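Before any comments, here is the structure.
Residue numbers (the working numbering): 81 to 882.
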């Protein structure tokens with residue numbers, strides 16, 4: 081089908097071709113070249129001379145590299161701390177790091193001059209009352225909260241803002257009861273207590289799984305609020321924001337609400353962060369909002385429930401101040417290690433405002449190096465009385481009475497400090513009151529009509545559209561090389577370091593050459609940077625069309641690495657070899673031979689590695705791009721290579737369009753996730769490397785914006801680039817490939833469903849426009865369905881020989 085751009089009669093070109101046909105060598109016997117390719121051992125570490133220990137080192141390479149860099153970061157932090165000798169030294173360090181924290185959280189909207197709020201119901205108690213409240217945090221985002229107040233109200237009241245845990249919501253199960261007891265106890269003692277639902281929890285949940293009735297299979301309904309933080313965190317990363325940033329902004333609006341209440345003493349507002357994740361946003365809020373007069377973040381800043389007890393004698397030098405990443409993005413803050421705003425810094429930042437350093441279990445006070453830092457900092461202000469600690473006993477691994485978990489005793493130990501700092505009378509024993517949780521629900525039908533709360537993904541989509549429009553205006557205002565430079569700058573900013581550290585080192589001891597079915601195979605490994613080794617398989621044709629013996633090389637990249645190409649694309653590789661095109665298959669860090677495992681989900685090593693890389697200031701996509709660029713640069717130094725193309729592919733199964741993709745977390749099997757890494761890297765190399773002359777993408781993600789079409793995400797965490805929707809998204813990246821030859825086929829959406837022809841046309845409109853503007857539509861090939869076949873191999877070899 082030929083398509084003309086409006087108003088441009090000369091710009092006609094091929095846009096979509098839908099073809100079937102057999103695979104290049106699908107009818108050959110298994111003994112043919114394709115069969116030999118499938119039987120080829122993909123490992124570079126396949127030699128008998130390589131030990132099992134060396135092979136294990138490849139699998140552990142990524143985790144070892146991250147561990148080494150974490151160690152370096154902790155040593156830098158220790159050195160910076162030891163250089164602090166005065167209050168001025170501390171405040172300079174603090175201000176720099178907290179400013180970096182604020183930048184990492186994303187862009188905040190301007191707070192409203194007057195908070196829109198409403199009380200939707202009241203529940204009377206003995207000496208206290210509970211008001212069910214809603215307030216608008218940002219347009220479309222409405223917070224449900226319960227306000228516990230003295231009854232009758234006092235003339236002057238302090239306030240406690242409670243950040244609840246990530247494993248239990250406000251009005252469900254044990255978690256609800258504990259929060260209700262705290263609120264009632266302190267309210268009866270004369271204090272206002274505000275308990276808002278965090279984004280994604282209870283009345284603000286971002287999934288449909290409230291009871292066992294919502295899904296036919298077995299799953300844990302009570303854990304879904306917690307688990308779906310994973311999806312929500314990814315979606316907010318896409319727009320350049322963060323889940324903890326949105327939580328913190330909600331808590332700041334909670335401070336607005338408290339300050340609007342009659343009788344509030346605005347000088348006495350404290351934030352309390354429950355154990356199991358409530359301490360993270362509480363600590364960040366206290367660090368960023370100067371209106372917070374005191375803070376009590378539990379399980380954040382120092383030794384964690386999983387830390388060894390007792391700590392070693394030399395804990396100061398060996399303690400992991402930086403932490404490490406996991407799927408829980410509220411703790412592994414992006415760029416925190418690179419920019420130094422480590423958890424202890426966040427907790428200490430409000431000094432000399434009062435601080436309760438809280439621990440759920442046993443605490444080794446004598447060896448805790450973070451406590452020593454707090455004591456020194458409060459000493460700079462001559463305020464040692466403003467620093468306190470509360471702790472329990474036992475371990476997170478136990479369930480005996482000595483393993484305290486989060487109990488009354490933690491709050492009882494806080495009472496003397498609340499009395500001293502805020503004048504809250506010691507209430508004695510905590511109240512334990514039975515209450516119907518349904519009476520504490522805030523979203524009445526009337527409130528919903530008035531406030532019109534929207535799903536988070538819909539609000540994020542609106543924000544993404546606004547930011548994308550601003551980026552598009554900047555791009556459209558430029559032309560030629562200026563436009564490309566803007567795109568390079570935008571992507572470099574979000575990817576982190578993308579320039580290779582230097583020429584890759586070819587490890588001579590890994591080089592092996594062998595004849596293969598009439599062709600030639602080379603195995604070797606490249607050290608692309610200290611601690612990172614990339615195994616490479618190069619399959620060269622027996623004949624070349626050039627007198628100088630040089631051949632074009634297609635570099636194939638995918639999450640599944642060399643093994644995936646050999647098993648899944650043997651026919652295409654065979655056709656390329658027969659056409660005189662070599663195929664180079666590297667396993668970039670954490671892929672193929674260097675992968676830590678096949679699990680790509682929420683709790684996988686791949687997710688933890690990617691989150692840690694983000695804390696270190698980069699992304700795994702950016703790190704793998706460095707590896708790929710190093711491989712391409714190495715190929716450029718060889719006398720037998722003519723030109724280079726990149727083929728990004730995925731071998732993940734797609735989800736059928738009719739499949740039920742509304743599936744809770746924690747069930748097996750879950751719908752398949754897409755693997756967009758190969759296609760992204762192919763497009764990124766075209767953006768940054770002039771050496772790449774041909775780009776092919778199969779089974780790539782159409783755009784990251786499609787992840788905001790609903791509550792569910794089926795893209796692995798390590799393929800996500802925070803801020804990608806501020807940099808033009810993948811279609812803009814594909815448009816940047818013009819006028820180079822570009823093939824795109826089998827694109828999928830954020831639910832890993834293959835796009836129809838119409839959807840592919842709509843999603844790729846800016847790609848089509850870019851090629852049309854340069855009158856090079858003949859070099860763009862878009863095919864929505866199918867797998868690489870004879871037509872793909874023919875197109876690719878012709879373009880490589882141009």
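Cβ coordinates follow ideal geometry from the N, Cα and C atoms, glycine included.
Computed from a predicted model, the values in this text were never measured in an experiment.
Here residue 261 is not near residue 224, since their CB atoms are 9 Å or more apart.
Using a Cβ-Cβ distance cut-off of 8 Å, the region 301 to 315 and the region 280 to 292 are in contact, since at least three pairs of beta carbons, one from each stretch, lie closer than that value.
Under the three-state reduction of DSSP output, residue 569 falls in the helix class. Per DSSP, residue 519 lies in no beta strand (DSSP E) segment and is marked neither H nor E. The Cβ-Cβ distance between residue 785 and residue 541 falls below 9 Å. In the three-state scheme derived from DSSP, where H, G and I count as helix and E and B as strand, residue 268 is classed as helix.
If you look at residue 365, you'll find it in the alpha helix (DSSP H) that goes 359 to 368. Excluding its 5 nearest sequence neighbours in each direction, residue 694 has C-beta neighbours in its own chain below 6 Å: 414, listed in chain order. By the Cβ-count criterion, residue 631 is buried, with 16 or more other Cβ atoms from all chains shown falling within 10 Å of its own Cβ.
Counting along the chain, no alpha helix (DSSP H) covers residue 666; the unbroken beta strand (DSSP E) around it starts and ends at 662 to 666.
Shortest Cα-Cα distance from residue 213 to any of 588, 401, 505, 334 involves 334. Scanning the region 715 to 792 for uninterrupted beta strand (DSSP E) segments of 3 residues or longer gives 721 to 728, 772 to 778, listed from N- to C-terminal end. Sequence-distant Cβ neighbours of residue 202 in its own chain, meaning closer than 8 Å and more than five residues away, are 209, 210, 211, 212.
A contact between stretches requires three or more CB pairs, one per stretch, nearer than 8 Å, and the region 396 to 405 fails this requirement with the region 229 to 242. DSSP assignment within the region 617 to 692 yields the following whole alpha helix (DSSP H) runs of 4 residues or more, N-terminal first: 641 to 648, 650 to 658.
Secondary structure of residue 347 (DSSP, three-state): strand.
By the Cβ rule, the region 755 to 771 does not count as touching the region 311 to 322, because fewer than three pairs are nearer than 8 Å. Residue burial annotation: residue 479 is exposed, with fewer than 16 other C-beta atoms found within 10 angstroms of its C-beta. Each residue's CA atom was taken as its position, placing residue 523 and residue 283 some 7 Å apart. In this structure, the straight-line span from the alpha carbon of residue 489 to that of residue 379 is close to 16 Å. Taking all protein chains in view, the Cβ of residue 507 is crowded by 16 or more other Cβ atoms within 10 Å, so the residue is classified as buried. Where residue 202 is concerned, the enclosing beta strand (DSSP E) starts and stops at 197 to 204. Restricting attention to 441, 371, 755, the CA atom closest to the CA of residue 826 is found in 755. With a beta-carbon spacing of about 38 Å, residue 503 and residue 219 fall beyond the 8 Å limit used to define contacts. Nearest to residue 831 by C-alpha distance, out of 781, 821, 858, is 781. Between residue 328 and residue 185 a beta carbon distance of about 7 Å is seen, short of the 8 Å cut, so the two are scored as contacting.
In the structure shown, residue 827 falls within a coil segment according to DSSP collapsed to helix, strand and coil. When secondary structure is reduced to three states using DSSP, residue 409 falls in the coil class, being assigned neither helix nor strand.
Burial check for residue 550: the Cβ neighbour count within 10 Å stays below 16, so the residue is exposed. Around residue 425, the same chain offers 177 as residues with beta carbons nearer than 6 Å, after the five sequence neighbours per side are excluded. Going by beta carbons, residue 726 and residue 774 fall inside the 9 Å limit. Taking 8 Å as the upper bound for CB-CB distance, residue 319 and residue 361 are not in contact here, some 19 Å apart. Annotation for residue 805: no alpha helix (DSSP H) segment contains it, and DSSP assigns it neither H nor E. Taking C-beta separations shorter than 7 Å and ignoring five residues to either side along the sequence, the partners of residue 347 in its chain run 373, following chain order. Taking every protein chain shown into account, the CB of residue 358 has 16 or more other CB atoms within 10 angstroms, so this residue is buried. Out of 272, 439, 228, the CA that lies nearest to the CA of residue 354 is found in 439.
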